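What follows is a single structure, written as structure tokens, with notes after it.
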DNA sequence: CGACTACTTGAGCTTTTTCAATAGCTGTGG
DNA sequence: CCACAGCTATTGAAAAAGCTCAAGTAGTCG
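Chains as they are written, first to last, in our numbering: chain A, 104 to 348; chain B, 104 to 348.
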């Protein structure tokens, strides 16, 4: 029940999260009071591909990325996580993790062991349907991403990416107009399936047209309407020759 | 338990499937004996996007495709299903389906209502972990697809697609060297995120190089080794100028 | 302060798409 | 049994989108 209500609310404020984790500690009074919360630094690994599946994590603060690795070593980022997101759902299959997870900044997570999950699921109908929902939701996200990747050009992908971030920040009570990109351009490019130079160029283009303002990691969405319009048509199509200096 | 063992085994033969569905009928002797199996014709819909989530289906025979639809009406195929595959897992989130599902040929499915699933999950630990596995597996598949879409060129994608099909047919006891493509070129192109002409050109190219033989819907993999090699390097790179007539 | 990493920008090149034309297959009806 | 319509697939040529390479700038960390 705890894991799930948390997932649905996408809470950012620590109070919610702590309440949840506190509830969890009450639930299984065994010995994981100290293990249930862990803090990690930027670039550190939460999960490595191939790791044994011990349980799932709820991101408490900070942010993280998940990626899969091909035989030739190339990596593909499959998700970015923000507070309240559940990490490690890919481990139920085969009891091993397929994805690796690294933090993008100093972050903390709350751990739920497989045993805890199992008993939660069997004792609480809400928890069960909640977990199924969470996984189902992750599937939907992936599908949306697949759709975006194969049916959109670079500009549309970047626009979609920014709007997604905006939505997620808003859901967490943060500003949806101005936020810090916790991932590098390289991460963004990888996630969106394009070259880093292309990301850079599109940022520049959007900025020149007054749709966003981007300086280093700080991003502002100046014109959400136009940004949303980018999802449909390409900028150059809509502006019939603008490119003002 | 029944749904799951079936998923893991990926059985193609009807006996296995029927046994499973029979087991299921025993389990809930209510009134769904007649509703549990349904037959559909080619192009008919099993699920439309937005449909209320009633339960999940196990494909019994035939094949199907799932796709999501963007605001502008463009569709993106997200999965192909073969006997034994579970359909409809995206519905747990929001109690509505995001994906639509259409059959590629005359097919039959076995239905498990949400109620049945719930009681199965709470009474059988195996069933629970099995369902979680199935969903987790679907996530992994999606991630693999994401990886392929953004890190491979067209040739590698087509090669991967054919090898995947081959593997899935083999798992179902069918030949992994020769099979019928139940989907159109358009479907393949859509799934792989490329133009239909590109699919056609790559098929031609692979055939000219003696790697596959393709006539209409019948496909033969003549040289699996080379096809696998296509996943790594492009054909033209490996053949240092061949293009024999 | 220097090395390093992250980011931006330009130019040529490659891949893939788009457009257009053609051919083949399927099913229907005369 | 053939002809026709409609869908499916192949092929070529031109155009576009995005990638790679290369160089340079700007923050960041020790």
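Note that CB positions come from ideal geometry on N, CA and C, so glycine has one too. Bear in mind that the values here come from a model prediction, so they are computed numbers and not experimental data.
- So which residues on chain A does residue 154 of chain B lean against when the C-beta distance must stay under 7 Å? Residue 154 of chain B sits at position 51 when you count from the first residue of the second chain. Going along chain A, no residue has its Cβ under 7 Å from residue 154 of chain B, so there is no contact; the nearest lies around 14 Å.
- Message: If the criterion is Cβ atoms closer than 8 Å, does the pair residue 153 of chain A and residue 208 of chain A meet it?
- Response: Position 50 of the first chain, counted from the start, is the residue given in the question as residue 153 of chain A. Position 105 of the first chain, counted from the start, is the residue given in the question as residue 208 of chain A. No, these two residues do not count as a Cβ contact at 8 Å.
- On the three-pair Cβ rule with 8 Å, is the region 170-184 of chain A touching the region 226-234 of chain A? no
- Item | Test: residue 142 of chain B CB closer than 8 Å to a CB of chain A | Walking along the second chain from the start, residue 142 of chain B turns up at place 39. No, its Cβ sits nowhere closer than 8 Å to a Cβ of chain A.
- Item | Separation of residue 313 of chain A from residue 127 of chain B, as counted between CA atoms | Along the second chain, one-based indexing puts residue 127 of chain B at 24. Along the first chain, one-based indexing puts residue 313 of chain A at 210. Residue placement at residue 127 of chain B is flagged as unreliable, the pLDDT there being 48, under the threshold of 50; a coordinate-derived value is accordingly withheld.
- Task: Compare the Cα-Cα distances from residue 161 of chain A to each of A/219, A/222, A/273, A/215 and report the closest residue.
- Result: Mapped onto the first chain, residue 161 of chain A falls at position 58. Looking at the Cα atoms, A/215 is the closest of the given residues.
- Message: Spatial neighbours of residue 184 of chain B within its chain, please: C-beta separation below 8 Å, excluding the five flanking residues on both sides.
- Response: Reading the second chain from its first residue, position 81 is the one you call residue 184 of chain B. So the list reads 162, 166, 167, 168, 169, 190, 204, once near-sequence residues are dropped.
- Item | Of the residues A/245, A/187, A/329, A/326, the one placed nearest residue 272 of chain A, counting alpha carbons only | Residue mapping note: residue 272 of chain A aligns to position 169 of the first chain, counting from 1. It is A/187 whose Cα lies nearest to the Cα of residue 272 of chain A.
- Residues of its chain near residue 157 of chain B, where Cβ-Cβ distance is below 7 Å and the 5 sequence neighbours each way are ignored: For this step, residue 157 of chain B is matched to residue 54 along the second chain. These residues qualify, in order along the chain: 216, 217.
- Query: What residues are listed by DSSP as bridge partners for residue 217 of chain B?
  - Reply: Here residue 217 of chain B refers to the residue found at position 114 when the second chain is read from its first residue. For residue 217 of chain B, which the question treats as bridged, DSSP gives no partner whatsoever.
- Message: Just to confirm my understanding: we take residue 131 of chain B, look at its own chain, exclude 5 residues before and 5 after, and list those with CB closer than 6 Å. What are they?
- Response: In the second chain, the residue the question calls residue 131 of chain B occupies position 28. Unreliable placement is indicated for residue 131 of chain B, whose pLDDT of 43 sits below 50; the coordinate value is still reported in the next sentence. Once the five neighbours on either side are set aside, the close Cβ partners of residue 131 of chain B are 219.
- Item | Interface flag, residue 187 of chain B vs chain A, CB-CB below 8 Å | One-based indexing of the second chain puts residue 187 of chain B at position 84. Residue 187 of chain B does not count as touching chain A.
- Would you mind sorting residue 199 of chain A into buried or exposed? The rule is 16 or more other CB atoms within 10 Å of its CB. In the first chain, the residue the question calls residue 199 of chain A occupies position 96. Exposed, by the Cβ-count rule.
- Message: Strictly under 8 Å for the Cβ-Cβ distance: is residue 64 of chain B near chain A by that measure?
- Response: Residue 64 of chain B cannot be examined here, being either before or after the span of chain B that is shown, 104 to 348.
- Query: Under 8 Å between the Cβ atoms of residue 295 of chain A and residue 315 of chain A?
  - Reply: As a first step, residue 295 of chain A must be located in the first chain, where it is residue number 192. As a first step, residue 315 of chain A must be located in the first chain, where it is residue number 212. Their beta carbons are not under 8 Å apart, which means residue 295 of chain A does not touch residue 315 of chain A by this criterion.
- When DSSP labels each residue in this structure, what does residue 331 of chain B get in the three-state scheme? For this step, residue 331 of chain B is matched to residue 228 along the second chain. In this structure, residue 331 of chain B counts as helix in the three-state DSSP scheme.
- Looking at the unbroken beta strand (DSSP E) that takes in residue 178 of chain A, where does it start and where does it end? Walking along the first chain from the start, residue 178 of chain A turns up at place 75. That run of the beta strand (DSSP E) goes 178-184.
- Message: Please classify residue 283 of chain A as buried or exposed, where buried requires at least 16 other C-beta atoms within 10 Å of its C-beta.
- Response: What you label residue 283 of chain A is simply residue 180 of the first chain in a count that begins at 1. Its Cβ having fewer than 16 others within 10 Å, residue 283 of chain A is exposed.
- Nearest to residue 179 of chain B by alpha carbon, out of A/246, A/297, A/300, A/147? Against the second chain, residue 179 of chain B aligns to sequence position 76. Checking every option, the nearest Cα to that of residue 179 of chain B belongs to A/246.
- Message: Using the three-state DSSP reduction, which class does residue 141 of chain A fall into: helix, strand or coil?
- Response: For this step, residue 141 of chain A is matched to residue 38 along the first chain. It is a strand residue.
- Where are the alpha helix (DSSP H) runs, 4 residues long or more, that stay fully inside the region 251-335 of chain A, in chain order? 257-274, 288-295, 299-311, 327-332
- Item | Neighbour flag for residue 239 of chain A against chain B, beta carbons, 8 Å | To locate residue 239 of chain A, count along the first chain from 1; it is residue 136. It does: the Cβ of residue 239 of chain A has a partner Cβ on chain B nearer than 8 Å.
- By Cβ distance below 6 Å, which residues in the same chain neighbour residue 182 of chain B in space, the five residues on each side in sequence not counted? Sequence index remark: in the second chain, residue 182 of chain B carries index 79 (1-based). The answer, listed in chain order, is 169.
- Message: Strictly under 8 Å for the Cβ-Cβ distance: is residue 270 of chain B near chain A by that measure?
- Response: Residue mapping note: residue 270 of chain B aligns to position 167 of the second chain, counting from 1. Answer no: the Cβ-Cβ gap between residue 270 of chain B and chain A never drops below 8 Å.
- Around the C-beta of residue 349 of chain B, are 16 or more other C-beta atoms found within 10 angstroms, so that it is buried, or is it exposed? Coverage of chain B is limited to positions 104 through 348, which leaves residue 349 of chain B absent and any answer about it impossible.
- Query: On the three-state DSSP scale, how would you describe residue 200 of chain B?
  - Reply: The residue given as residue 200 of chain B occupies position 97 in the second chain. Three-state DSSP puts residue 200 of chain B in coil, outside helix and strand.
- If you measure beta-carbon to beta-carbon, which residues of the region 302-314 of chain A are closer than 8 Å to chain B? none
- Return the bridge partner residues of residue 172 of chain B from the DSSP annotation. Here residue 172 of chain B refers to the residue found at position 69 of the second chain. According to DSSP, which records beta bridges pairwise, residue 172 of chain B is partnered with B/178.
- Message: On the DSSP bridge list, what partners appear for residue 206 of chain B?
- Response: Reading the second chain from its first residue, position 103 is the one you call residue 206 of chain B. Paired residue(s): B/167.
- Buried or exposed: residue 150 of chain B, going by 16 or more other Cβ atoms within 10 Å of its Cβ? Translated into positions along the second chain, residue 150 of chain B becomes position 47. Classification for residue 150 of chain B: buried.
- Message: For chain A, check one thing: does any of its Cβ atoms lie closer than 8 Å to the Cβ of residue 148 of chain B?
- Response: Looking up residue 148 of chain B in the second chain gives position 45. Taking Cβ atoms only, chain A never reaches closer than 8 Å to residue 148 of chain B, which makes this a no.
- Query: Does DSSP classify residue 147 of chain B as helix, strand or coil?
  - Reply: Taking the first residue of the second chain as position 1, residue 147 of chain B is located at position 44. DSSP places residue 147 of chain B in coil when its eight states are reduced to three.
- Task: Would you tell me roughly how many angstroms separate the C-alpha atoms of residue 235 of chain B and residue 235 of chain A, rounded to the nearest one?
- Result: Against the second chain, residue 235 of chain B aligns to sequence position 132. Against the first chain, residue 235 of chain A aligns to sequence position 132. In a straight line, the C-alpha of residue 235 of chain B is about 8 Å away from that of residue 235 of chain A.
- Message: Using the Cβ count rule (16 or more neighbours within 10 Å means buried), how would you classify residue 300 of chain B?
- Response: For the purposes of this step, residue 300 of chain B is identified with residue 197 of the second chain, where counting begins at 1. When all chains shown are included, residue 300 of chain B counts as exposed.
- Answer yes or no: does any C-beta atom of chain A fall closer than 8 Å to that of residue 171 of chain B? On the second chain, residue 171 of chain B is found 68 positions in, with the first residue counted as 1. Chain A contact via Cβ: present.
- Query: Nearest to residue 242 of chain B by CA position, among A/197, A/260, A/280, is which residue?
  - Reply: Reading the second chain from its first residue, position 139 is the one you call residue 242 of chain B. It is A/197 whose Cα lies nearest to the Cα of residue 242 of chain B.
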